[in-house]
Amino acid sequence: MESLPKPPARTPSNTDQGQIQGSLPGPPPRPPQQAQPPASLPPGHLPHGSLPQNGDYRVQETVPLDNYRREVVSVHLKARVNLSTALPQTYPEKFSGEPYRTDHLAYGSEPRDRKNKLSKKERGDPTYDRVAVDVGRIVGNKFKKMLKVEERDDSRADMSSKQRHHRNEEERLRENRNYYKDKFEALELKHREENRRLRAELNQERDRVERAVRSADHMQSTMDNREYFLGEQASDDEVCTMFITLLNEIKNWSQAFSSGSSRTLQEERFQEYQRVTPMYSEFHDLENSTVNKKQKRFFVRGWTGYVMCTKLFRNLEGPEGGLGEDAWLEKAIAGNFRFLENRLLEADRREVPYKSFSDWRAFTAELLGKAVRIQNGRPVSQASNVVGQAVSEVMEVIRPWHKEGTPETMKVDEDKLYTIFASAVQLAQVLRRQRALWSVRLPWAPGGDGTTPLFTFDPTCMEDERNNDEFGMEELKTRCVEFIVTPALYKRGTMNGERFDKEDARCRAAVVIVGLN
């Protein structure tokens, strides 16, 4: 075996003792020795830089973080003590051909890279101890790895703790959700039952209120009838429906009288004709207007309505007040009733108020009506004469205008008119028994003496028969009325016997306005 070269003498200048001299106590310096020839290493002898394998010093596998500095100091001290006694005092140089060791503990001088170079301070410090520095670096690296492992383990523990906390939070929230869900379902069931009970009670209460209202209405009606000894009072809608039905029957019946060119109008009755044709002030103008078929039908409807309301209805209002007969009564009884009614109507309203007068009239009409019966849609014998006279008065004017003109068809149309007038008598009896004062009449028109103004359109009691919307209401008020086709239905007061100070047209009269198509 080739002998190793002799190492240089160990002096403070060429040792690494100064690096940690100030912080860690080292062994005392030894006297220089004589150079000895290199000898072969005995078995088991560790070369310079090797760590002892007999476990003289140990590094704990797990070092707490808070004891890191104390462990480093203790390991440094223990390593220096062991090295000072275990390592030989000779440092053989590295022979040529020996591979460079990777643990940086090779013999002799070590090749220094940029990181392992001694600084100027280290080279100039005689107390710098290279061996202690190397051992400290090795121990420090070991502790770094151990700390990394411990930190990684702590982070994993932290991660598991976070996951465990998250899982616990999820379980808590799930338990809360299930608790509130069960509580909500219980409350929902309870409220559903409560709502069902309240709804049933509400329905029962509504039924009770409805029964009470019906009972109160019936009681009020009974008290009113007992108080004034009156029959059943008809509503405004019922009265208007009966009246409009009667006018529609007249309109359909008048379709058979629109032919012929005979001049049947009588000049001595011109003032009566003017009730239907207020625009014409001359008789020949009226005759010329009836040549047209459409205007002829308007005149037939207006003349039939005029005869009906003046002969079959008792009217107390307007210029024609006091006219008309109670055709549903016998002539003698109707005359007495008319006499008493006129006397009370002319009396002072402070002595005989309208309410008292209307109650007397309705009560008397109710009692007198019990003695009159209507059979098969026709009045009894004491009223048939009045109805027959009214039919004859109408047919006397319009008979020549019949479409066919045969006796058979003429008789059929006369019977139809008789039935219509019989229905008018029934309506007249109903109106007379009402506490409110009802009147069936044509809108008032001045006489045609040539000095009075022409009859103009009044929207309060008239409506356009042809429903022309070309002109506004203000424009229509300035227009003249050519034909009054139907009478109007007026009402004064209420079924309770109040508000007799004002009269309103419940059903307005249909008129034909000049200049409108």
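Count the sequence shown with our numbering and you get residues 5 to 521, in order.
Cβ coordinates follow ideal geometry from the N, Cα and C atoms, glycine included.
Same chain, Cβ closer than 6 Å to residue i, neighbours up to 5 away in sequence not counted
i    : result
F504 : Y358, R496 and G497
R436 : A369
N500 : none
H195 : none
D417 : A260
M312 : A428
F361 : L348
S262 : K297, K300 and R301
Buried or exposed by the 16-neighbour rule on C-beta atoms within 10 Å, applied to residue i
i    : result
N319 : buried
I336 : The question names Ile, yet the displayed sequence has Ala at residue 336. By the neighbour-count rule (16 or more Cβ atoms within 10 Å), A336 is not buried but exposed.
L441 : buried
I254 : buried
E242 : exposed
T294 : buried
I248 : exposed
I517 : buried
Q224 : exposed
R365 : buried
R141 : exposed
D468 : buried
G309 : buried
E486 : buried
R445 : buried
L193 : exposed
V213 : exposed
M477 : exposed
Y284 : buried
F188 : exposed
V217 : exposed
E345 : buried
R411 : For the sequence presented, residue 411 should be read as Pro rather than Arg. That one is exposed.
V515 : buried
F343 : exposed
G519 : exposed
L371 : exposed
Chain-order list of residues whose beta-carbon lies under 8 Å from that of residue i (same chain, five-residue window excluded)
i    : result
C244 : L493, R510 and C511
L316 : G328, E329, A331, V390, V391, A394, F425, A428, V429 and A432
K506 : R496
E502 : K359
E291 : R267 and L269
A387 : A331, W332, L333, E334, V376 and V429
Assigned secondary structure, residue i (DSSP; H/G/I helix, E/B strand, else coil)
i    : result
L316 : coil
W442 : strand
K146 : helix
R510 : strand
C465 : coil
V390 : helix
E355 : coil
R496 : strand
T460 : strand
L520 : coil
V485 : strand
V295 : coil
F504 : coil
Same chain, Cβ closer than 7 Å to residue i, neighbours up to 5 away in sequence not counted
i    : result
P447 : D462, C465, M466, I488, A492 and A513
Q237 : Q438, R439 and M499
Would you check if there are 3 or more beta carbon pairs closer than 8 Å linking the region 258 to 273 to the region 505 to 512?
Contact fails: fewer than three Cβ-Cβ distances are below 8 Å.
Does the pairing of the region 427 to 436 with the region 294 to 305 give three or more beta-carbon distances under 8 Å?
Cβ pair count under 8 Å is below three, so no.
Does the region 273 to 284 come within contact of the region 456 to 475, defined as at least 3 CB pairs closer than 8 Å?
Cβ pair count under 8 Å is three or more, so yes.
Should the region 256 to 264 be regarded as contacting the region 304 to 312, the criterion being three or more beta carbon pairs within less than 8 Å?
Judged by Cβ distances under 8 Å, the region 256 to 264 makes contact with the region 304 to 312, as three or more pairs qualify.
Fully enclosed by the region 231 to 293, which beta strand (DSSP E) runs are 3 residues long or longer?
Fully enclosed beta strand (DSSP E) runs of 3 or longer: not present.
Completely contained alpha helix (DSSP H) runs for the region 191 to 228, where each covers 4 or more residues:
Counting only runs of 4 or more, we get nothing.
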